[in-house]
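To keep things clear, I will list the structure first and then write my remarks on it.
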Amino acid sequence: APHGPGLGYTQLNCDDPETEQAAQVALDYINTNLAGGFKHVLNQIDKAELWSRRPAGEIYVLELDTLETTCHALDHTPPEKCPVRERMEHAVEGDCDVQLLKMDGQFRVLSVKCHSSPDSAEDVIKLCPDCPLLVPRNSTKVVHAVEAALAAFNAHSNGSYFQLVEVSRAQLAPLPPSVYVEFVVAATDCVAKEVTDPTKCNLLAEKQYAFCKAAVPEKVDAEVSVTCKMFQTQPVVPQPQPEGTSAPEVGPGAPMTHQADVTAAAGPVL
Amino acid sequence: VVVKPGGPSLAAAAVRPCPGRIRHFKI
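Each protein sequence line maps, in turn, to chains A and B.
Going by the working numbering, the first sequence runs without a break in its numbering and finishes at 1418.
Going by the working numbering, the second sequence runs without a break in its numbering and finishes at 122.
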């Protein structure tokens, strides 16, 4: 349709306070609704358009460049206080196309589409030839490293047996040959010292997550170092159910629910 | 360069509204 009066768009200045405010609302939405991985912070606003909307309001169409932080999605640290992943740790950037509606002075996220990609290996090696490089999280070396790290963690646990939830990132270090892994675990209803069959252990209804970092040397019988940060337990949140459906299963074997999923439906309002 | 009176100034034309500033580093 031809553009009528008032239906066109205006190119905004990417560094305008209002554009930055819209970008921040989008970033908050992205970080609140992460299914896993790490929180991101704004690095650069690539494009900003303002479209008028009928019958009322304005639509902000933004292209955002983000950078991965070291805070896991389950970490409650505000993203602005999270350190950006350094280039020597093999940084990861995000490219996001977002649309926000501004009405009555309030922003509401309409759509978000993000794609993340790591820095190129060549760039990291140029910066430091011995820096560990990111590798696929499902590679054999990584899977073995995570298993070894989790076994070491559980061997020293005086309480619950912890189960793997997610492998968040993995790097291969050349000297000495080691695998650096970052992963999420959750407490189960089994006692670590008494577990005989881990497959029979169930995640607790009130989720107790921990984020772990481990260095696993490739040399056989070398010492594995693993440190985990426990997060506050996440209370069981009843999910709104459509009429005629039964209440959600919240037993120990119920599927995991991130609190972020609950806020997704409503959308953030500034 | 001929600038018409009342047209955009050269300074205004030089302003690049986007992309915006880089806050950390560019990959």
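Note that CB positions come from ideal geometry on N, CA and C, so glycine has one too.
Keep in mind that this is a model prediction, so the values were computed, not measured.
Going by DSSP in three states, B:ILE122 sits in which element: helix, strand or coil? It is coil, neither helix nor strand.
Take the Cβ of A:THR1167 as the centre, count every other Cβ of all protein chains shown within 10 Å, and call the residue buried at 16 or more, exposed below. Buried, because 16 or more other Cβ atoms sit within 10 Å of the Cβ of A:THR1167.
What residue range is occupied by the uninterrupted beta strand (DSSP E) comprising A:LYS1274? Segment 1269-1275 is the alpha helix (DSSP H) holding A:LYS1274; no beta strand (DSSP E) there.
Since A:PRO1365 and A:SER1326 should fall inside the 8 Å C-beta cutoff, what is the C-beta to C-beta distance between them, to a whole number of angstroms? Their Cβ separation, rounded to whole angstroms, is 5 Å, which keeps A:PRO1365 and A:SER1326 in contact under 8 Å.
Chain B contacts made by the segment 1178-1201 of chain A, where a contact means CB separation under 9 Å: Under the 9 Å Cβ criterion, the segment 1178-1201 of chain A contributes VAL1189, LEU1190, ASN1191, GLN1192, ILE1193, ASP1194, LYS1195, ALA1196.
Contact belief for A:ALA1239 with A:GLU1216 at Cβ below 8 Å, rounded distance in angstroms: That pair is a contact at about 7 Å.
First and last residue of the alpha helix (DSSP H) that includes A:GLU1295? Under the DSSP assignment, A:GLU1295 falls in the alpha helix (DSSP H) whose first and last residues are 1288-1303.
Counting only beta-carbon separations shorter than 9 Å, does A:ASN1161 have a partner in chain B? Yes - at least one Cβ of chain B is within 9 Å of the one on A:ASN1161.
Which class does A:GLN1356 belong to by DSSP, given the choice of helix, strand or coil? Coil at A:GLN1356, not helix or strand.
At a Cβ cut of 7 Å, what residues of the segment 1231-1262 of chain A count as close to chain B, listed as they run along the chain? Contact residues of the segment 1231-1262 of chain A toward chain B are VAL1232, ARG1235, ALA1239, GLU1241 (C-beta to C-beta distance below 7 Å).
Counting C-beta neighbours from all protein chains within 10 Å, is the total for A:LYS1341 16 or more, i.e. buried, or is it exposed? With fewer than 16 Cβ atoms within 10 Å of its Cβ, A:LYS1341 is classed as exposed.
Rounded to a whole number of angstroms, what is the C-alpha to C-alpha distance between A:LEU1281 and A:VAL1372? Near 19 Å, if we compare the C-alpha coordinates of A:VAL1372 and A:LEU1281.
Tell me the rounded alpha-carbon separation between A:ASN1191 and B:ARG118. Distance between the alpha carbons of A:ASN1191 and B:ARG118 is about 5 Å.
Please report the residue range of the alpha helix (DSSP H) in which A:THR1167 lies. Per DSSP, A:THR1167 belongs to the alpha helix (DSSP H) from 1165-1180.
Taking the alpha-carbon of A:ALA1269 as reference, which of A:ARG1235, A:LYS1250, A:ALA1353, A:ARG1285 has the nearest alpha-carbon? Taking each of A:ARG1235, A:LYS1250, A:ALA1353, A:ARG1285 in turn and checking the Cα distance to A:ALA1269, the smallest one comes out for A:ARG1235.
Locate the beta strand (DSSP E) running through A:CYS1376, then write down its first and last residues. First-last of the beta strand (DSSP E) with A:CYS1376: 1373-1378.
What does the alpha-carbon distance come out to for the pair A:VAL1294 and A:GLU1211? Here the alpha carbons of A:GLU1211 and A:VAL1294 stand approximately 36 Å from one another.
What residues from chain B crowd round A:ASP1176, counting only those whose CB sits closer than 8 Å? Near A:ASP1176 there are no residues of chain B at all, since even the closest Cβ is about 16 Å away, more than 8 Å.
Identify every residue that forms a DSSP beta bridge with A:PRO1266. Bridge partners of A:PRO1266: A:VAL1240.
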